[in-house]
Amino acid sequence: MTAQQIKSVAIIGAGASGAAAAAAFGAEGYFDKIRVFERRETPGGTWIYDGDPRPALKIVPGALPPDIDRPLTIPDGLPKTTTPSSQERFERTPIYDELTTNVPAIAMSFSDLPFAYGPFAPHWVPRQYIANYFSSHRTDLFLALNTTVEDLSKLPTKTTSSGTRWKLVLRRHDAVRRVDVWWEEEFDAVIIANGHYSVPYVPPVTGLGEYLDLFPGKVSHSKAYRTPEEYRDKRVLVIGNSASGHDITTALVKAARLPVYQSRRSRSRWDGANPPEGIEWKPVISEYRSNGDIVFDDGSILSSIDAIIYCTGYHASFPFWNAEANGGPIFDYTQNRLVGSYQHTFFPDHPTLGVVGMPRTLTFRSFEYQAIALARLFSGRNATALPPQEEQKRWDKERWELARREHRKFHDIPWDNGETMEWLRWLYELAGLPELEGAGRTPPILDREVRWAIEHVRKYPEPGDGEKRLKQGAGTDVDTKEDDNGWVLVGSEAVRDRLHFI
Ligand SMILES: Cc1cc2nc3c(=O)[nH]c(=O)nc-3n(C[C@H](O)[C@H](O)[C@H](O)COP(=O)(O)OP(=O)(O)OC[C@H]3O[C@@H](n4cnc5c(N)ncnc54)[C@H](O)[C@@H]3O)c2cc1C
Ligand SMILES: NC(=O)c1ccc[n+]([C@@H]2O[C@H](COP(=O)([O-])OP(=O)(O)OC[C@H]3O[C@@H](n4cnc5c(N)ncnc54)[C@H](OP(=O)(O)O)[C@@H]3O)[C@@H](O)[C@H]2O)c1
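Converting from the sequence shown to my numbering requires adding 613 to each position, the first position being numbered 1.
See below:
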């Protein structure tokens, strides 16, 4: 399908990515139909606060989204009304009481609407901000709330010389009638903006499965954490040393029995030589024993732990992606990346599909560049052309080789080595300027003030030589060595990117 023939667009998700996409597509004034499908009752995505995390999510060590976030069975003969599905869909969010943003507001917000205040705002500020962003762009008119996309399939029978259409199977939960209403809609193009912090991940550890059975309720994931008060006077072990692990361990010092134990697999930039007061660092857990003992890699043992909180992150989930109809999966969980993407945004094999929000880099602001580039492309108004399919596929292959070689995650885009700016510049140049008459959004600039904020305004101060490392610039004191294949291996004490925690 050529861009001129894309007249209807479905956006999956009304978080920050969906908000950026809706604003960009709406601003083109070109599309006949734009719909934003959101399974929650309001826009806001991750930033919606669910005060009560119960019922508890079942912990399944090592389980990935295809194991635990399965597609629903779609009823025959749509449209149809059914009894409500009770299958866990992981809609609730991990927002805890004391959470504040960790990216300076000037860099985190979209370019055309500031946060109410900052630099680090409590969680309700971005939540309200996203809702405001929809209404200030009048894209709230596109919203279909309480509506989950349960299936996304290419329509082969509708393929003509001009291209393919997409069929979405939708399920709206009607809380008043206590029913699920199912129906289908077709679109020329689809933007996936479904986020990737919904399905928690707990790594497999020897004995953990049995431990979960023997001590029910003792092990949880940070997704269910809300307040340190729940842990008053308890002996707590936190696992993980990224943003959740850091925040939760620090908060627990105020309520839990000291020390709070924190199992770290790697250092963060904010770690000094010794743990902060009230915290004891432990290495990775090697075994859980049936008598309740927890054994660590260095042979040390903790007994009588009351609560264990896994802050080991999340995996992206696409239960709606119909792999059979669409020629294969969209995500590779062994390589932890989208299958066949280009610039983390486009798909050479699916030219009418886009994704916003996948890379780990500047969040809201980077979604804006992706969204504007996609809207300009799908309206046929892009300033520069996408390269030929072969070149797009080569990018994917080369990026994967780079990720493997440097032991990096495919969708992590570092700041310190200039990669973020390079990526944003590429999207900026693809998008180009709006029409003289005003249609379209201008991709924002990332001026000196914003870049200064990114580099200097930090929620987690870096002790010791942190400042020196920053002044020295990107990767200058990274401990590297070559392996037998001549690959550069990054040592355990490598200086992490300054935005590694985002
Ligand atoms: C605890 C925590 C703290 C964070 N703190 C920060 C921070 O301080 N600063 C920062 O920049 N980033 C932070 N992030 C990252 C945060 O996820 C991004 O800021 C941003 O909100 C991501 O937006 P998104 O729209 O891509 O995804 P989300 O916010 O996850 O939104 C995706 C939306 O899609 C909906 N959806 C999913 N599947 C379907 C479906 N099948 N049908 C319909 N709707 C669907 C979801 O309900 C959700 O509303 C944090 C993340 C977490 C988990
Ligand atoms: N605004 C805020 O203040 C705030 C607070 C919380 C979360 N967030 C955001 O939420 C998102 C998710 O963050 P997250 O911290 O939940 O997840 P995350 O960033 O993915 O971090 C997962 C952590 O688990 C560790 N880990 C994985 N397997 C382990 C094992 N077997 N033993 C010990 N540690 C292990 C990882 O170690 P390695 O580093 O070695 O892989 C890493 O420290 C991020 O975007 C983050 O910025 C923001």
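Note that beta-carbon positions come from the ideal geometry of N, C-alpha and C, so glycine has one too.
If one requires a minimum length of 3 residues, the beta strand (DSSP E) runs lying completely within the region 944-1005 are 966-968, in chain order. Under the criterion of beta carbons closer than 8 angstroms, isoleucine 719 and glutamate 1062 qualify as touching, at roughly 7 angstroms.
Beta bridge pairing from DSSP links glutamate 893 with Tyr874. Burial check for tyrosine 730: the Cβ neighbour count within 10 Å stays below 16, so the residue is exposed.
Rounded to whole angstroms, glycine 940 and aspartate 962 show a C-alpha spacing of 9 angstroms. Inclusion of threonine 925 in the 8 angstroms shell around ligand 2 follows from its C-beta lying nearer than that to a non-hydrogen atom of the ligand. Assignment of phenylalanine 800 by DSSP, reduced to helix, strand and coil, places it in the strand class. Here DSSP, grouped into helix, strand and coil, assigns threonine 925 to coil.
Membership of phenylalanine 909 in the beta strand (DSSP E) is indicated by the continuous run 907-909.
Straight-line measurement puts the Cα of phenylalanine 977 at about 17 angstroms from the Cα of arginine 1111. Phenylalanine 747 and alanine 988 do not touch by the CB rule: their CB atoms are close to 16 angstroms apart, not below 8 angstroms.
Isoleucine 661 and threonine 925 have their C-alpha atoms some 21 angstroms from each other.
Counting C-beta pairs with one atom in each stretch, the region 826-839 and the region 916-930 have three or more that are closer than 8 angstroms, which means they touch.
Relative to ligand 1, the nearest heavy atom lies less than 8 angstroms away from the CB of proline 707. Less than 9 angstroms separates the beta-carbon of lysine 646 from that of phenylalanine 800. Excluding residues up to 5 positions away in sequence, nothing lies with its Cβ nearer than 7 angstroms to the Cβ of glutamate 1004 in the same chain. Fewer than three beta-carbon pairs drawn from the region 955-973 and the region 686-706 are found closer than 8 angstroms, and the two stretches are therefore not classed as touching. With a beta-carbon spacing of about 5 angstroms, phenylalanine 650 and valine 762 fall inside the 8 angstroms limit used to define contacts.
In the DSSP assignment, isoleucine 681 falls within the unbroken alpha helix (DSSP H) covering 678-681. Shown here for glutamine 875: same chain residues with a beta carbon closer than 6 angstroms to its own, the five before and five after excluded, namely Val851, Thr862, Ile892, Trp894 in chain order. A residue is called buried once 16 or more other Cβ atoms fall within 10 Å of its Cβ, and arginine 790, having fewer, is exposed. Cβ-Cβ distances below 6 angstroms link glutamate 900 to Thr819, Gly820, Val908 in the same chain, with the five nearest sequence neighbours on each side left out; the list follows chain order.
At least one heavy atom of ligand 2 lies closer than 8 angstroms to the C-beta of glycine 853.
Distances from the CB of tyrosine 810 to the heavy atoms of ligand 2 include at least one below 8 angstroms. Taking a 10 Å sphere around the C-beta of histidine 859, we find 16 or more other C-beta atoms and assign the residue as buried.
Of Tyr1073, Thr777, Ser621, the smallest CA-CA separation from phenylalanine 755 is found for Ser621. When DSSP assignments are scanned along the region 725-786, the uninterrupted stretches of beta strand (DSSP E) that are 3 or more residues long and fall wholly within it turn out to be 760-773. Around the beta carbon of glycine 642, fewer than 16 other beta carbons lie within 10 angstroms, which makes this residue exposed. Across the structure, arginine 839 and aspartate 665 are spaced so that their CA atoms are roughly 8 angstroms apart. Between the region 735-746 and the region 990-1000, the count of Cβ pairs shorter than 8 angstroms is below three; the stretches do not touch. The DSSP assignment places complete alpha helix (DSSP H) segments of no fewer than 4 residues inside the region 666-715 at 678-681, in order along the chain. Contact annotation: phenylalanine 933 and proline 684 have beta-carbon atoms nearer than 9 angstroms. Within 8 angstroms of the C-beta of leucine 712 there is at least one heavy atom belonging to ligand 2. Comparing alpha carbon positions, the residue from Pro816, Leu1015, His834 closest to isoleucine 708 is His834.
According to DSSP, arginine 648 shares a beta bridge with Ala623. Per DSSP, leucine 1059 lies in no alpha helix (DSSP H) and is assigned neither H nor E.
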